[in-house]
Amino acid sequence: MFAWGIDPNKCLLTSYVPKKNKNVLMLSTFHEDDDIDPESREQMKPSVITFYNLTKGAVDVVDRMKAEYSVTRVSNRWPLTIFCTLLNIAGINSQIIYFSNTNNKILRRLYLTDLAKQLSKPHIIRRSKVTSLSIPLRQKIKNILGHEASAPTTAEQQREVKPRCFFCPKRKNRFTKYCCVRNRFAKNIQLKLF
1229 MFAWGIDPNK
1239 CLLTSYVPKK
1249 NKNVLMLSTF
1259 HEDDDIDPES
1269 REQMKPSVIT
1279 FYNLTKGAVD
1289 VVDRMKAEYS
1299 VTRVSNRWPL
1309 TIFCTLLNIA
1319 GINSQIIYFS
1329 NTNNKILRRL
1339 YLTDLAKQLS
1349 KPHIIRRSKV
1359 TSLSIPLRQK
1369 IKNILGHEAS
1379 APTTAEQQRE
1389 VKPRCFFCPK
1399 RKNRFTKYCC
1409 VRNRFAKNIQ
1419 LKLF
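Following this line, the structure appears as structure tokens:
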């Protein structure tokens, strides 16, 4: 049995019963006619079913590729699961497009590593411009980006160590840039009182 949708939503719904109590339903936007495959002989399979049987091996290949290098994690949150599945399929699709455009066959592991680096590079560059990063983190970012260790920037050179306030207790750990007549550093308030 065949059914067609309205013209803007062109699709073909096929119902095929190969055995008693077993119904196979196929919805296809690729096929437009209700041909019966002549090679199926007495089974009288529709061409939609024959086409699916010829191409369904690709689903198994994609499942194997997803299982080999996967970003999915065990989670009870279904949005995360769907997002990770989409990332896996996007990685496979991008690899297929890359291979067909460049004819450059590289290992999947190397391709995914390079893809991850290229996607994260703009974020790393933006993060490297933050001035409050620790020195080891800044060095790691430079190693990732391939930059050599450079001299301190002008902002780092201008930042000088402020001396501790002479009048405040040590535990308050207050620093100041003001100095009194006796060359004792003090907070602005203490200078007014002094």
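Taken in order, the sequence shown gives residues 1229 to 1422; the numbers are from the numbering used here. We put the CB at the ideal spot given by N, CA and C, even for glycine.
Under the three-state DSSP convention, the category residue i falls into
i: Met1272; result: coil
i: Asn1371; result: helix
i: Leu1240; result: strand
i: Lys1247; result: strand
i: Leu1282; result: helix
Beta strand (DSSP E) segment containing residue i, residue limits
i: Val1252; result: Lys1250 to Ser1256
Neighbourhood of residue i by C-beta distance below 6 Å, restricted to the same chain and skipping five residues each side
i: Met1293; result: Ile1320
i: Leu1253; result: Ser1243
i: Lys1273; result: Asp1265
Limits of the unbroken alpha helix (DSSP H) element including residue i
i: Ile1317; result: Trp1306 to Thr1330
i: Arg1354; result: Arg1336 to Ser1356
i: Arg1292; result: Gly1285 to Glu1296
Nearest-angstrom Cα separation, counted from residue j out to residue i
i: Ser1303; j: Asp1261; result: 44 Å
i: Asp1288; j: Pro1364; result: 45 Å
i: Lys1349; j: Tyr1280; result: 41 Å
i: Leu1240; j: Asp1263; result: 12 Å
i: Lys1357; j: Gln1346; result: 18 Å
i: Thr1371; j: Ile1353; result: For the sequence presented, residue 1371 should be read as Asn rather than Thr. Going by the C-alpha atoms only, they are around 12 Å apart.
Residue of the options minimising C-alpha distance to residue i
i: Lys1248; options: His1259, Gln1271 and Met1254; result: Gln1271
i: Val1276; options: Thr1257, Val1290, Asp1291 and Gly1285; result: Thr1257
i: His1351; options: Leu1335, Leu1373, Arg1305 and Lys1238; result: Leu1373
Nonlocal neighbours in the same chain, by C-beta distance under 7 Å from residue i, ignoring five residues either side
i: Gln1245; result: The residue you asked about is not Gln; residue 1245 is Val in the sequence shown. Closer than 7 Å at the Cβ level, and outside the excluded window around Val1245, lie Asn1251.
i: Leu1255; result: Cys1239 and Leu1241
Residue i at chain B interface by Cβ criterion, 8 Å
i: Val1299; result: Any reference to chain B falls outside this structure, which holds one protein chain only.
Neighbourhood of residue i by C-beta, 8 Å cutoff - its chain only, sequence neighbours within 5 removed
i: Tyr1326; result: Asn1332 and Tyr1339
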